[in-house]
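What follows is a single structure, written as structure tokens, with notes after it.
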Amino acid sequence: MRNEPTAQTPLTGLVVFDCDGVLVDSETVSARVLVVMAADLGLSFTHEEALAFLRGRKVATWVAELEARLDRAIADAFIPAFRSAAASAFERELEAVPHVESALSRIAAPFCTASSAPREKIRQTLGLTGLLPHFEGRIYSAYEVGHWKPDPRLFLHAAKDMGAAPQDCIVVEDSLVGVQAGVAAGMTVLAYAPGDTAPMLADAGATPFSCMTELPGLLAEWRPGSVLPENQKTPAPLAVAV
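Okay, structure coming up:
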């Protein structure tokens, strides 16, 4: 059983994961939904364009951009309809990011997830992919903080609640706004970039990597002792300073 951090036991290191695109491959599913629903509005997106359009962003933000392209308002029912269609698609198609569960099982340092998504979506996607037990009690949503990436306050809130100083945190992100939020929070940032986004994310201040099999090694370089040996894949207690 994992130890729970307290104000009296400050963490010696904290890994803060984004959720969509880092833990679960939800953005590719959401992009397919957007392609169909945008076409119904008269807008054409390729899957790659839709993925870049929504990655890491608040739904209301990119819907406002759709309205600007259309030069008209979109019905209020669009956002709940999109969320419902995406949730149904997740039930059929969603998978964890390749190799992420194996990587999580080797992390000895404490970790949490901090996402721009609503809590119910985070729990749904983690639950569908079998990752929820890794994050139970350590889920942070921008909807509960009232600030979305690239604003750093979600990450700062997660760190404070977990009992870690910003300089003792490392963020794992996949989006530009997420990297910007991590940098603005004063945290080290790793960027999961299996596609062509690595140069952009590196320019924003992150260290890119292309496969989750690389993550334990990167974390071990960041903070010795934060990763279990490769042949030991059972969760260890949280590393806390007393």
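Counting from 1, one number per residue, gives the positions in the sequence shown under full-length UniProt numbering.
Where is the CB? At the ideal position from N, CA and C, for every residue including glycine.
Just so we're clear, the structure is a prediction, and the values are computed from it rather than from any experiment.
Three-state class that DSSP yields for residue i in the structure shown
i, result
"Thr28", "helix"
"Asp20", "strand"
"Ala114", "strand"
"Ile79", "helix"
"Glu173", "strand"
"Ser141", "strand"
"Pro235", "Note on Pro235: pLDDT 39, under 50, position unreliable in the model; the coordinate value appears next. Three-state result, Pro235: coil."
"Gly13", "coil"
"Ile122", "helix"
"Ala158", "helix"
"Gly217", "helix"
"Gly127", "helix"
"Asp40", "helix"
Cα-Cα separation, residue i to residue j
i, j, result
"Phe45", "Leu228", "43 Å"
"Lys58", "Ser116", "6 Å"
"Glu4", "Val179", "Note that Glu4 scores a pLDDT of 47, beneath 50, so its modelled location is shaky and nothing firm can be said."
"Ser175", "Ala39", "25 Å"
"Ala159", "His47", "34 Å"
"Gly127", "Phe135", "10 Å"
"Gly217", "Leu190", "12 Å"
"Pro118", "Gly146", "11 Å"
"Asp76", "Ala60", "10 Å"
Cut-off 8 Å between Cβ atoms - residues of its own chain near residue i, not counting five sequence neighbours on either side
i, result
"Val97", "Gly21, Val22, Leu23, Val24, Asp25, Tyr192, Met212"
"Leu54", "Glu27, Ser30, Ala31, Leu34, Trp62"
Buried or exposed (CB count within 10 angstroms, at least 16 for buried), residue i
i, result
"Glu173", "buried"
"Arg106", "buried"
"Ser141", "buried"
"Asp18", "buried"
"Pro133", "exposed"
"Val171", "buried"
"Gln124", "buried"
"Gly13", "buried"
Residues near residue i in its chain [Cβ-Cβ closer than 7 Å; skip 5 each side]
i, result
"Glu93", "Val29"
DSSP beta-bridge partners of residue i
i, result
"Ile107", "Val227"
"Phe209", "Tyr192"
"Ala96", "Val24"
Same chain, Cβ closer than 6 Å to residue i, five either side skipped, listed in chain order
i, result
"Ala85", "Val33"
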